[in-house]
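S.K.:
2 protein chains.
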Amino acid sequence: MPHPLSTSVSASVSVLAFDIFGTVVDWHGSIVREMAQLHPQVDGDAFALAWRAGYRPAMARVMSGELGWTRIDELHRMILDGILPQFGLQDLSEDQRRHLNRVWHRLAPWPDSAQGLTLLKRKFTISTLSNGNIGLLTDMAKNAGLPWDCILSAEVFRAYKPDPATYLGVARVFDLAPSQVMLVAAHHEDLSAARACGLRTAYIERPLEFGAGHIKDVSPQAGNDLHCKSLLDLAHALGIA
Amino acid sequence: MPHPLSTSVSASVSVLAFDIFGTVVDWHGSIVREMAQLHPQVDGDAFALAWRAGYRPAMARVMSGELGWTRIDELHRMILDGILPQFGLQDLSEDQRRHLNRVWHRLAPWPDSAQGLTLLKRKFTISTLSNGNIGLLTDMAKNAGLPWDCILSAEVFRAYKPDPATYLGVARVFDLAPSQVMLVAAHHEDLSAARACGLRTAYIERPLEFGAGHIKDVSPQAGNDLHCKSLLDLAHALGIA
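Note that the protein sequences, when read in sequence, are chains A and B. According to numbering that gives the first Met the number 0, numbering within the first sequence proceeds without interruption in unit steps and concludes at 240. According to numbering that gives the first Met the number 0, numbering within the second sequence proceeds without interruption in unit steps and concludes at 240.
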């Protein structure tokens, strides 16, 4: 597949920053699988979608100042406690809630993620740039075999994406111009916010992000430097094997 | 070598946090070698020691509030600019100064470091806990083959060791009690400050930290959970291989 911009992009970019939930790991499928094991009476698909639906509103409460700085582990737990009664799980013990909340630390990678990152790491510094907290991302990487060079998180910048402090924070950490950093994500609004800060962008198609029952539109949108089917495709587009 | 505390320590600790300069990498030898290549007329041993001697006073200026938050890359550069005239290098260009300052990103590991960390990573989460900035530590890890699970730095906590915010920050990032974190360092004062925060501690003997002409006293001191000759010895003491 031809990627006309790939040569110039590849030569000028030195850090690839990756969105994680949905882009590198399959949050929906992982939660559905865990629920099928732990609570088979529950509709895992609806449960996963309900949990994730609380994510943006919770971060908005932090960024508006209504909540003080709060990490995703704590936000996930607040949302979880709120939805459990809707799924008949209001009697879960504290230990059960803690264990279930940490499913986000155990999310499985998409089939191409570990191999794609391993290839990309040969030529670029690869970092997370996720709203997930540092401990969550570190546990996930160990569990899923993701070979990050660096774990960057909203927790480092005390701001959630799409706040410019996150995208510009990556450039500043590595003492680079924004155009020397590329955000890799499966979400156009994340990429658009990064582009407004001067970063390069690569869209990754993840049609199954919300499960096979809710196929996502992964059509190209104008403005991204690259549009790829997987992280292996991205490695190819950036000139690696 | 018997390590009577190792079984209980190994069972209760889940994160190992490593001091870097002197503990994992050989700053003195690396700087001497680069100076021999770049500026062979200069006494590399005296130059390395002079540069490092400015390190604590510079961090003290940050922590006292005299300077705003300043990263080690910038502090190293301020110190470098200050000592160049003493070594007849006052005419170095901006590019030469920038290149030389980044020697700290290129420091070589001690011979046991990469293998020791690879072993320790099997059983523990291994993280940096360094006053070096994130970009420096990431570049160093890529260059030296150090397989960190996570890069934690004074830059994350906006405080330099031995400020308690750094040691307690590691425990907080991983949602652990301080006693579930062990600091690994070649400096007793760093270990002592960590211990005062409730962390476990392991001392690593690095008699050559200041060069063969200035052998460091590496005698055991009371209070550390472990006293080891190398990171391989630490892996052994913690029950690995």
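From the three backbone atoms N, C-alpha and C, an ideal C-beta is built for every residue, glycine too. Values in this document were obtained by computation on a predicted structure and should not be read as measured data.
Only counting the same chain, and skipping five residues up and downstream in sequence, which positions put a Cβ closer than 7 Å to that of residue 3 of chain A?
M.R.: A caution first: residue 3 of chain A carries a pLDDT of 49, below 50, which makes its placement in the model unreliable, though a value can still be read off. So no residue of the chain qualifies.
S.K.: Tell me which same chain residues have a C-beta within less than 7 Å of the C-beta of residue 14 of chain B, skipping the five on either side of it?
M.R.: Here the set comprises 123, 124, 126, 169, 173, 175, 179, 180.
S.K.: In chain B, which residues lie less than 7 Å from residue 241 of chain A when you measure between Cβ atoms?
M.R.: This structure leaves residue 241 of chain A out entirely; chain A is present only between 0 and 240.
S.K.: So which residues on chain A does residue 149 of chain B lean against when the C-beta distance must stay under 7 Å?
M.R.: Here the neighbours are 133, 137, 150.
S.K.: Tell me, please, whether the CB atom of residue 155 of chain B is closer than 7 Å to any CB atom in chain A?
M.R.: Residue 155 of chain B counts as touching chain A.
S.K.: Can you check which of these residues, A:10, A:11, A:139, is closest to residue 107 of chain A by C-alpha distance?
M.R.: Closest option to residue 107 of chain A, Cα to Cα, is A:139.
S.K.: Residue 115 of chain B to residue 202 of chain B, Cα distance in whole Å?
M.R.: Cα to Cα, the separation comes out at about 14 Å.
S.K.: Measure the Cβ-Cβ separation of residue 100 of chain B and residue 79 of chain B and say whether it is below 7 Å.
M.R.: Yes, Cβ-Cβ distance for residue 100 of chain B and residue 79 of chain B is below 7 Å.
S.K.: Residue 167 of chain A to residue 155 of chain B, Cα distance in whole Å?
M.R.: Using only the alpha carbons, I get a separation of about 15 Å.
S.K.: Here's the rule: buried if 16 or more other CB atoms are within 10 angstroms of the residue's CB, otherwise exposed. What is residue 208 of chain B?
M.R.: Per the 10 Å Cβ criterion, buried.
S.K.: If you drop the 5 nearest sequence neighbours on each side, which residues of the same chain put their C-beta closer than 7 Å to that of residue 70 of chain A?
M.R.: Here the set comprises 132, 154.
S.K.: Locate the beta strand (DSSP E) running through residue 20 of chain A, then write down its first and last residues.
M.R.: Per DSSP, residue 20 of chain A belongs to no beta strand (DSSP E) and is neither H nor E.
S.K.: If you compare alpha carbons, which of B:117, B:141, B:76, B:110 is closest to residue 97 of chain B?
M.R.: Taking only the C-alpha atoms, the option nearest residue 97 of chain B is B:76.
S.K.: Mind checking which residues open and close the alpha helix (DSSP H) that includes residue 171 of chain B?
M.R.: That run of the alpha helix (DSSP H) goes 163-172.
S.K.: Just the chain B side, please: which residues come within less than 7 Å of residue 215 of chain A by C-beta, in chain order?
M.R.: Here the premise fails: no neighbours, minimum Cβ distance about 31 Å.
S.K.: Looking at chain A, is there any beta carbon in it that lies within less than 7 Å of the beta carbon of residue 228 of chain B?
M.R.: Judged by the 7 Å Cβ criterion, residue 228 of chain B is not in contact with chain A.
S.K.: Would residue 161 of chain B pass as a contact of residue 192 of chain B if the rule is Cβ separation under 7 Å?
M.R.: Yes, the Cβ-Cβ distance between residue 161 of chain B and residue 192 of chain B is below 7 Å.
S.K.: Looking at C-beta atoms only, is the number of pairs between the region 144-152 of chain B and the region 41-57 of chain B that lie closer than 8 Å three or more?
M.R.: They do not touch, by the three-pair rule.
S.K.: For residue 87 of chain A, tell me which candidate among A:46, A:25, A:51 has the shortest Cα-Cα distance.
M.R.: Answer by Cα proximity: A:46.
S.K.: Taking only beta-carbon atoms, is residue 160 of chain B less than 7 Å away from chain A?
M.R.: Taking Cβ atoms only, chain A never reaches closer than 7 Å to residue 160 of chain B, which makes this a no.
S.K.: Leaving out five residues on either side along the sequence, give the residues of the same chain with a beta carbon under 6 Å from the beta carbon of residue 66 of chain A.
M.R.: Contacts found: 60.
S.K.: What is the rounded straight-line gap between the Cα of residue 129 of chain A and the Cα of residue 25 of chain A?
M.R.: Spanning the two alpha carbons is a distance of roughly 14 Å.
S.K.: Is the Cβ of residue 141 of chain A closer than 7 Å to any Cβ of chain B?
M.R.: Yes, its Cβ sits closer than 7 Å to a Cβ of chain B.
S.K.: Check each candidate in B:238, B:239, B:234, B:230 and name the one with the smallest Cα separation from residue 111 of chain B.
M.R.: For the residues B:238, B:239, B:234, B:230, the minimum Cα distance to residue 111 of chain B belongs to B:230.
S.K.: Compare the C-alpha of residue 164 of chain A against each of A:197, A:187, A:137 and name the closest.
M.R.: Residue 164 of chain A has its Cα closest to that of A:197, out of A:197, A:187, A:137.
S.K.: What does DSSP give as the partner residues of residue 183 of chain A in its beta bridges?
M.R.: A:17, A:201.
S.K.: Going by C-alpha distance, which of A:135, A:58, A:17, A:50 is nearest residue 171 of chain B?
M.R.: It is A:135 whose Cα lies nearest to the Cα of residue 171 of chain B.
S.K.: Compile a chain-ordered list of the residues in the region 115-129 of chain A whose CB is closer than 9 Å to at least one CB of chain B.
M.R.: The residues in question are 120, 124, 126.
S.K.: Excluding the 5 residues flanking residue 253 of chain A on each side, which residues of the same chain have their C-beta closer than 8 Å to its C-beta?
M.R.: An answer regarding residue 253 of chain A cannot be provided, because it is not within the stretch 0 to 240 covered by chain A.
S.K.: Buried or exposed for residue 90 of chain B, going by 16 or more other Cβ atoms inside 10 Å?
M.R.: Residue 90 of chain B should be labelled exposed.
S.K.: Assuming contact is defined by CB atoms lying nearer than 7 Å, are residue 199 of chain B and residue 23 of chain B in contact in what I supplied?
M.R.: No, they are not a contact pair.
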